[in-house]
Each structure stands twice: as C-alpha cells, then as structure tokens.
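Visitor: Mind having a look at this structure? Questions to follow.
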Amino acid sequence: MTDAAGTGESTFSTKADFTTETANFGGTNKNEVSVNTGNTINANQTDQSDKEEEPLWKKTMKTYTQNFTLHGLTRALHGQLWERIFWGCVLTVLCILIMIHVSGQMSKYLDYGIYTNFEIRYKGEVTFPSVTICDKAIIYRPMTVCDLPVEEESVQGAPICDKEYRMRNTKGSPGFINADGVYEHPLLKISVQTYNKHLEKVKMNHFESLSLYNHRCVTWNPAGNVTKGKYGLAIMDIEMKDPQNVFGFVVTHGPGEYFELSQGVTATLVMPSMSQRLNLKATNYERLPKPYPSQCRDVRMPESSVTMSQYSRKLCIDLRIPVTELENCGSVDDYFYPFISDHLFEKYGKAQTLGEFNQCRKNLKQTDIQTNKLRECDPPCRQTQVKTSVEQLGPTMDPKMANFMIKLVNSDTVDYVVEKKLYEWNIMVADMGGLIGLLNGSSICSALEVVIAVGLFLFGKKHMAELLYHQHLEQHLHLHGLHHQTTEPTNN
128 MTDAAGTGES
138 TFSTKADFTT
148 ETANFGGTNK
158 NEVSVNTGNT
168 INANQTDQSD
178 KEEEPLWKKT
188 MKTYTQNFTL
198 HGLTRALHGQ
208 LWERIFWGCV
218 LTVLCILIMI
228 HVSGQMSKYL
238 DYGIYTNFEI
248 RYKGEVTFPS
258 VTICDKAIIY
268 RPMTVCDLPV
278 EEESVQGAPI
288 CDKEYRMRNT
298 KGSPGFINAD
308 GVYEHPLLKI
318 SVQTYNKHLE
328 KVKMNHFESL
338 SLYNHRCVTW
348 NPAGNVTKGK
358 YGLAIMDIEM
368 KDPQNVFGFV
378 VTHGPGEYFE
388 LSQGVTATLV
398 MPSMSQRLNL
408 KATNYERLPK
418 PYPSQCRDVR
428 MPESSVTMSQ
438 YSRKLCIDLR
448 IPVTELENCG
458 SVDDYFYPFI
468 SDHLFEKYGK
478 AQTLGEFNQC
488 RKNLKQTDIQ
498 TNKLRECDPP
508 CRQTQVKTSV
518 EQLGPTMDPK
528 MANFMIKLVN
538 SDTVDYVVEK
548 KLYEWNIMVA
558 DMGGLIGLLN
568 GSSICSALEV
578 VIAVGLFLFG
588 KKHMAELLYH
598 QHLEQHLHLH
608 GLHHQTTEPT
618 NN
C-alpha cells in the first residue's frame, strides 16, 4: 500500500465505516453497504491502548498479588533477602515457643495438674460455725483401760473389760432445754441469743451432747444452720455446774466435723466471771477427688462408728493407732473406744489381761508395726477451717457465769478456696487452636491486606465495567461528531 493510496484508502474506509455506523445508530439507512476495514480499526485500537494507562484497580490488584504476605509465609519464601531473614526468624521463634508451651501444658494435664482459686461469695444467709464447749478435765485424763491405769503393776493381772462394762461406766448424759429456753446439761448451763434482721432477740438453742466423749462436750449449732442475723453476733452465757471442774474450753469448727481433744490444750478457756469476744473467720475448702493430687474423699471410714455428716481427716489420723492396737493386741484404750465400730471389736477382740495388753502395746512401739499398718488419710473434699481470735472484755455481772460474744468477721460473705482442674480436654483444644491462630496471625498487616484486596476486587468487578462502557460510549460520540463535520449525508 503506497502513501497516496494508503491515505485515500484510509479516508474512504473511515467515511464508509462511520456512514454505516451512523445509519445503524439512527435506524434510517438500513441498506447501506459497509466496507470491511477491520485491520485498520484494530491498528487504531492498539495505538490507543498503548497510549492509555492501566486501570488503577488492576494495578493495585497486581501490586497486592505480587507483595501479598500470607501471614509472613510468602515473604519468608519469596520476599527480599532482609524480609526472608526477618520472617524466617519470627516463624522459627514462634514455633519453638508454641512447642515449649504445648509440651508444658500437656505434661501438667497428664500429671492431673490443678490450681486453687480464692473466691469471695456474697450470700444473704451466712451461718455461724459450730462451737463446742468441753470439760477441761477430759484432756488431762490419764490413759486407762477400763478405768485402770495401764502402768500400775498391781492391776496387770486384771482382765480386759467387755463392752457391757464400758457401756455401764459411760459418764454423763444428754441435756435438755428448760422452760426459760436455757440448755440444761449435767456439767453446764448454756444460753445463746442472736439478733435477727428485725433487731429482736431470738433464742436459737440448737445443742447436741457428744456421746463420743461420754457427754463431756456440748456442741452449739452442730448442723451449721444458725444464721448470722443482722450483725453476725451471738451472745453465749456458760455456767459450769461442777465446782471441781471450774474451767472448760471452747473449740470452733465446721458443722458436722470431728475435732480432736488435743485442740483443747490451745483452745479458748471458759473462765467464770470473765467476758470474752471470739472473732471468727471461716474459710471453706473445696477439693478434687482422685486421680487429682489432693485425692480427697467424702466417704466415712468403715472402722468408724461416728455418725458425722462428712468424712474427717482428723478422725482418720486419730484412729490409725487404736485400730492397729485392736488388730494386734485385741483391745484399745478407753480414750478411743467410742470411734471404733463394734464389728472390729467382734473380729479382733481377745480375752486377755491388762498386763498382756500393755506388753503388746510396748512391742508394737518397739517393732514399729503400727507404722507399717498406718494408711494414708486423704483430706476431705469439703472442709471448713475457722480462725479464732480472742479479746478480753472484762468481768461479768455474775461471778459464776462466763460470757462469750461470738462475732463473725466476714458476716456478709463466704470465703472459698476452690481447687479446679488445670486443663480439661476442651480447654486444651482451645489452647491449641489459639496457639495455631497466633502463628497464622503473626502479621496483622496480612489481615488488612486480605480485606483491602477483597474490597478492591469487588469494587472493580462491579464498577469498572460501567466505567469502561461510558468511556467507550464517549469515544464513539466524539468520533461521530467529527464525521458530521467532514462529510455530507449520502442519498440512497
């Protein structure tokens, strides 16, 4: 194609083509023959596309595609040198930390790891702990067998007494509540007053005489159902009836729990003509059973005939030596007799003299057999520990009367030390998922990049097509206007 011919050909092709498009656009010249000049138009479009810049959305998508950081993995594998070193170090450190953490948690879980948590719970009805008053002479009672001293040579040939003898020689008897609302007992008289929310004096006389100690002890609020009232205050007046046993002692403990008499050595003394205040703060313990480390239990021991509401570790410890004595020597001291079941006495009891029993006890100590027979005493699953502080308030009006003001320190709340499982399976799975998410989310920028990339993609897909259509239409209208200025209309 020569220049002249090319110019004319190009002019003719352009005129013919736009004449045809004008006829089609206006809908008038339907029979006009158009000239095929596709090659020339393609060339013009190529020249135009070379001059036009790449759309912004396409350029941005290309940039994000090339530099996209899939949580550091792309940069660690395909980025620049400093990026690969940085992200490689980050991912390595994260993997090491995750392995150390997971291995530590798994080892704790396999070892039944636990932790304790201190909780303060607010309750509307906080109750008093149990308060036990005992004759002080009971803790000074010498160790005897059937009321006979075990070390006296003159009684070594005496026979061991039987169960009937023990029952006949049980000292003391239960008390009763008189017409004035005062608890009458052979050893003492007790009256207790608490204050309810209406500030009225209420006599809450809940008492129990303890047959375990031959009725030498009385417990107030044994079931733990006496509420604190408005001020968490109870006033107790105690009168000792036996002039020879003027003094007694007071022990505070959880409801339904056993207490050992050895606590009386350091317990608060009941002193006539003295007024004292007992500040009590109770803490409840909740432990986990086997196979967790505390290995607590609530089942009473089979050798115990105690009808308590729950298992007691103190009683378990106190019973280890006498049960060993019974199994090996056929008898026990009177001191421990009330706690051992009749079944064990029938099984291991022997007809022997006091001297034979005394010698057997000595042999047990020498050979340390009882140590091999002792078993572990697990702590109770639920336990109440009471801390007591004493304040002297001065003398009382009645010289025969001892007065106690029992005050709850935490009168509105209940303190709990709760033992909880360190890791259950669902918590372990959650931890594992969280650590994996930490690894995947090590680069927060990657999350932003995903959001931006998706937004740009949706924006480009929806709006760019409309933008290109308008650009194409404006181009055609512009060329159509030039066509009317340079050409004349043709007639059919």
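The numbering of the sequence shown is my numbering, which starts it at 128 and goes up by one. Even for Gly, the Cβ is constructed at its ideal location relative to N, Cα and C. Since the structure is predicted, the reported quantities are computational estimates derived from the model, not experimental observations.
#1: Compare the C-beta of Leu604 with all C-beta atoms of chain B and state if any pair is closer than 9 Å.
#2: Between Met363 and Phe255, which are expected to be in contact by the criterion C-beta below 8 Å, what is the C-beta distance as a whole number of angstroms?
#3: Can you tell which of His470, Thr393 and Gly457 has its C-alpha closest to the C-alpha of Ile287?
#4: Using a 10 Å radius around the Cβ and a threshold of 16 neighbouring Cβ atoms, would you call Arg248 buried or exposed?
#5: Look up Leu360 in the DSSP assignment and give the residues it is bridged to.
#6: Any idea if Val377 is buried or exposed, counting beta-carbon neighbours within 10 angstroms, 16 or more meaning buried?
#7: If you count every other CB in all the chains shown that lies within 10 Å of the CB of Cys423, and 16 or more means buried, which is it?
#8: Buried or exposed for Glu473, please, with buried defined as at least 16 other CB atoms from any protein chain shown within 10 angstroms of its CB.
#9: Hey, His312 and His333: beta-carbon distance below 9 Å or not?
#10: What three-state label does DSSP hand Lys514 in the structure shown?
#11: Using the DSSP secondary-structure output, state which residues sit across from Asn323 in a beta bridge.
#12: I'd like to know whether the C-beta atoms of Pro418 and Tyr239 end up nearer to each other than 9 Å.
#13: Can you tell which of Tyr385, Val353, Leu396 and Gln403 has the C-alpha that lies nearest to the C-alpha of Arg624?
#14: Alpha carbon to alpha carbon, how far is Val544 from Val345?
#15: Can you confirm whether the segment 395-407 touches the segment 517-535 when touching is taken to mean that 3 or more C-beta pairs between the two stretches lie within less than 8 Å?
#16: Cβ atoms of Glu546 and Glu413: under 9 Å apart, would you say?
#17: Taking the straight line between their C-alpha atoms, what separation do you get for Met559 and Leu415?
#18: Can you list, in chain order, the residues of its chain with a C-beta nearer than 7 Å to that of Asp369? Leave out the 5 residues immediately preceding and following it.
#19: Relative to the C-alpha of Leu96, which candidate in Gln320, Trp347, Leu600 and Pro526 has its C-alpha closest?
#20: Just verifying my parser: in three-state terms, what is the DSSP assignment at Ala409?
#21: Gly383 to Ser439, Cα distance in whole Å?
#22: For Arg427, which of helix, strand or coil comes out of DSSP?
#23: Kindly indicate which three-state DSSP category His599 falls into: helix, strand or coil?
#24: Under the three-state reduction of DSSP, which class applies to Met233: helix, strand or coil?
#25: Helix, strand or coil for His98 per DSSP?
#26: Measure the alpha-carbon distance for Thr393 versus Gln283 and round it to whole angstroms.
#27: Mind checking which residues open and close the beta strand (DSSP E) that includes Arg447?
#28: Which runs of the beta strand (DSSP E), 3 residues or longer, sit entirely within the segment 234-261?
#29: When DSSP labels each residue in this structure, what does Arg509 get in the three-state scheme?
#30: Between Ala350 and Ser257, what straight-line distance do the alpha-carbon atoms span, to the nearest angstrom?
#31: Does the beta carbon of Phe531 fall short of 8 Å from some heavy atom of the ligand ADP?
#32: Leaving out five residues on either side along the sequence, give the residues of the same chain with a beta carbon under 6 Å from the beta carbon of Ile225.
#33: Let me know if Cys222 comes out buried or exposed under the rule of 16 or more other beta-carbons within 10 Å of its beta-carbon.
#34: For Ile444, I'd like the list of residues in its chain whose CB is within less than 6 Å of its CB, leaving aside the five on either flank, ordered along the chain.
#35: Quick one: what's Tyr310 bridged to in DSSP?
#36: Under the three-state reduction of DSSP, which class applies to Gln403: helix, strand or coil?
Guide: Taking the coordinates as given:
#1: Although the question refers to chain B, the structure presented lacks it and comprises just one protein chain.
#2: Their Cβ separation, rounded to whole angstroms, is 11 Å, which puts Met363 and Phe255 out of contact at 8 Å.
#3: Taking each of His470, Thr393 and Gly457 in turn and checking the Cα distance to Ile287, the smallest one comes out for Gly457.
#4: Here Arg248 is exposed. Its C-beta has fewer than 16 other C-beta atoms within 10 Å.
#5: BP columns for Leu360 point to Lys534.
#6: Using a 10 angstroms sphere on the CB of Val377, the tally of other CB atoms reaches 16 or more, which defines it as buried.
#7: Under the 10 Å beta carbon count, Cys423 is surrounded by 16 or more other beta carbons and is classified as buried.
#8: Result: exposed.
#9: No, the Cβ-Cβ distance between His312 and His333 is not below 9 Å.
#10: Strand, per DSSP.
#11: Bridge partners of Asn323: none, in fact.
#12: The answer is yes: Cβ separation under 9 Å.
#13: The displayed coordinates of the chain run from 128 to 619. Any statement about residue 624 would go beyond what the structure contains.
#14: Taking C-alpha positions only, Val544 is separated from Val345 by approximately 29 Å.
#15: Enough Cβ pairs lie closer than 8 Å, so yes.
#16: At the C-beta level, Glu413 and Glu546 come within 9 Å of one another.
#17: Rounded to whole angstroms, Met559 to Leu415 spans 25 Å at the Cα level.
#18: Excluding sequence positions up to five before and after Asp369, its CB lies within less than 7 Å of the CB of Leu314, all in the same chain and listed in chain order.
#19: There is simply no residue 96 to check, as the chain begins at 128 and stops at 619 in what is shown.
#20: In this structure, Ala409 counts as strand in the three-state DSSP scheme.
#21: So the two alpha carbons sit approximately 9 Å from each other.
#22: In this structure, Arg427 counts as coil in the three-state DSSP scheme.
#23: Under the three-state reduction of DSSP, His599 is assigned to helix.
#24: Met233 sits in a helix when the DSSP states are folded into three classes.
#25: In the structure displayed, the chain extends from 128 to 619; residue 98 sits before or after that span and is not available.
#26: Cα to Cα, the separation comes out at about 34 Å.
#27: Note, Arg447: premise wrong, no beta strand (DSSP E); alpha helix (DSSP H) at Arg440 to Cys456.
#28: Given a length threshold of 3 residues, each whole run of the beta strand (DSSP E) inside the segment 234-261 is given here in chain order: 241-249.
#29: Of the three classes helix, strand and coil, the one that applies to Arg509 here is strand, per DSSP.
#30: Whole-angstrom Cα-Cα distance: 8 Å.
#31: With respect to small molecules bound, the structure shown includes none, and the ligand ADP cannot be examined in it.
#32: Excluding the 5 residues flanking it on each side, Ile225 has same chain C-beta neighbours closer than 6 Å at Leu562, in chain order.
#33: Under a 10 Å Cβ-count criterion, Cys222 is classified as exposed, with fewer than 16 other Cβ atoms of the shown protein chains found around its own Cβ.
#34: Within the same chain, Cys504 come within 6 Å of Ile444 by CB-CB distance, once the 5 residues on both sides are set aside.
#35: Beta-bridge annotation (DSSP): Tyr310 is paired with Ile304 and Ile317.
#36: If DSSP states are grouped into helix, strand and coil, Gln403 belongs with the strands.
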